[in-house]
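In my numbering, the protein residues as written are 272 to 484.
See structure below.
Below is the structure:
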């Protein structure tokens, strides 16, 4: 579904990284790979750091198992050329250890770039759709909304707020919209079937997508 995968995901090399138990942050070319202990908010923080550095996420994939989480992002060119992976890797380490005021910094960036951003417009169709048929082990949530500064961070921040575990993710930018699908489980490791819980997830996503930092 995404070019970042290039085939099976995780591949053999990525499974080795998961099994080794080490913390890995590696940027090469247009691809960033992060392997860490599986905690709510990890995917969101990595996405936020990429946005902070003007790296447009064109495709991404996530996988978690046995308490470990793998995230792979493919990004486009940033202003001035290729991503500064050294800077990005350092900021990811700081963000994941609670030493980077990520939301505040994204807010500053959002305000800086607001004059050139397109005005918000309604997304076609329902902004959040729920699929409990595709997967036997996770609920698939598809979010469609206009692209903008930190939008992937915002969506996944909403999931972290509700302690959802992102098992897999597929991120696409289609023109000026993002269409992102997330395979998620609740804090007990189960699919989400309760209507009230699903309504709270949708409320949280809509709030975070619209938030003005």
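Quick reminder that beta carbons are idealized off the backbone N, C-alpha and C, glycines included.
This one's a predicted model, so the numbers in the text were calculated from it and none came from an experiment.
Status (buried if at least 16 other CB within 10 Å, exposed otherwise) for residue i
| i | result |
| --- | --- |
| residue 453 | buried |
| residue 370 | exposed |
| residue 486 | Absent from the structure is residue 486, since the part of the chain shown begins at 272 and ends at 484. |
| residue 421 | buried |
| residue 358 | exposed |
| residue 456 | buried |
| residue 214 | An answer regarding residue 214 cannot be provided, because it is not within the stretch 272 to 484 covered by the chain. |
| residue 282 | exposed |
| residue 464 | exposed |
| residue 298 | buried |
| residue 368 | exposed |
| residue 340 | buried |
| residue 294 | exposed |
| residue 330 | buried |
| residue 427 | buried |
| residue 342 | buried |
| residue 445 | exposed |
Per DSSP, cross-strand counterpart(s) of residue i
| i | result |
| --- | --- |
| residue 410 | 455 |
| residue 402 | 411 |
| residue 552 | Residue 552 lies beyond the residue range present for the chain, which begins at 272 and ends at 484; the question has no answer from this structure. |
| residue 352 | 349 |
Beta-carbon proximity of residue i to residue j, cut-off 9 Å
| i | j | result |
| --- | --- | --- |
| residue 479 | residue 441 | no |
| residue 399 | residue 411 | no |
| residue 439 | residue 318 | no |
| residue 458 | residue 435 | yes |
| residue 314 | residue 437 | yes |
| residue 418 | residue 448 | yes |
| residue 423 | residue 451 | yes |
| residue 337 | residue 373 | no |
| residue 462 | residue 406 | yes |
| residue 377 | residue 354 | no |
Neighbour flag for residue i against chain B, beta carbons, 9 Å
| i | result |
| --- | --- |
| residue 428 | Chain labels in this structure do not include chain B; a single protein chain is all it has. |
Problem - alpha helix (DSSP H) segments (min. 4 residues) lying fully within the stretch 421-454 - result: 422-432
Problem - Given 8 Å, three or more beta-carbon pairs between the stretch 429-436 and the stretch 306-315 - result: yes
Problem - Contained alpha helix (DSSP H) runs [length at least 4] in the stretch 293-348, N- to C-terminal order - result: 313-323
Practice task
Mind the definition here: the stretch 295-306 touches the stretch 330-350 only if three or more C-beta pairs lie below 8 Å; say whether that holds.
Solution key: yes
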